[in-house]
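As structure tokens, the structure follows; a few thoughts come after it.
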Ligand code: HEM
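In the numbering used here, the protein residues as written are 3 to 130.
Shown next as structure tokens:
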């Protein structure tokens, strides 16, 4: 059996740290902060951590608690334009720098987040 990325990077504690470091940066960002639930920071961390764990082959708690991810639909209320996407990715890259996975895993995570963030774009800044 091949090992999942979830297990290879250290399982749940890795994703908990990654998501915590990510949100530390989100709360500092003037464009992203207003989109996120300031009064439910722990809940936001839980949702994102559970999603990532499930995506990378760990616990399926996310779907048990939240149902089908439907991420594009869930992001529709938030204005994700190229600027927001770049800021989001900068928060994630900063978090990844701290948790520092092995180079091969880092490359896989970077690639995934780039593509997923592109898929979340839902506003064209040229058309208002
Ligand atoms: C591109 C810029 C992005 C922006 C501005 C953004 C913004 C947001 C906001 C404001 C929320 C609500 C927070 C909450 O209440 O949980 C959210 C939720 C979430 N986002 Fe994003 N997001 C982005 C990209 C992504 C990407 C790339 C992923 C996946 C890799 C992702 C995964 C999630 C998940 C799993 C949730 C929780 C969904 C749920 O309610 O179950 N987001 N996002």
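By construction, the Cβ of each residue, glycine as well, lies at the ideal position given by its N, Cα and C atoms.
Selected residue, minimal CA-CA separation from residue i, among the options
i	options	result
residue 15	34, 47, 123	47
residue 85	7, 74, 126	126
residue 24	120, 128, 97	97
residue 128	54, 83, 61, 119	83
residue 101	117, 76, 5, 12	12
residue 114	67, 57, 68	57
residue 54	7, 103, 28	7
residue 19	110, 123, 105, 94	94
residue 49	28, 71, 37	71
residue 9	26, 107, 116, 39	107
Endpoints, alpha helix (DSSP H) assigned at residue i
i	result
residue 24	14 to 28
residue 120	105 to 121
Contact belief for residue i with residue j at Cβ below 8 Å, rounded distance in angstroms
i	j	result
residue 121	residue 74	6 Å
residue 37	residue 80	5 Å
Discussion item. Below 8 Å, how does it come out for the segment 33 to 43 and the segment 85 to 98: are there three or more Cβ pairs, yes or no?
Written reply: yes
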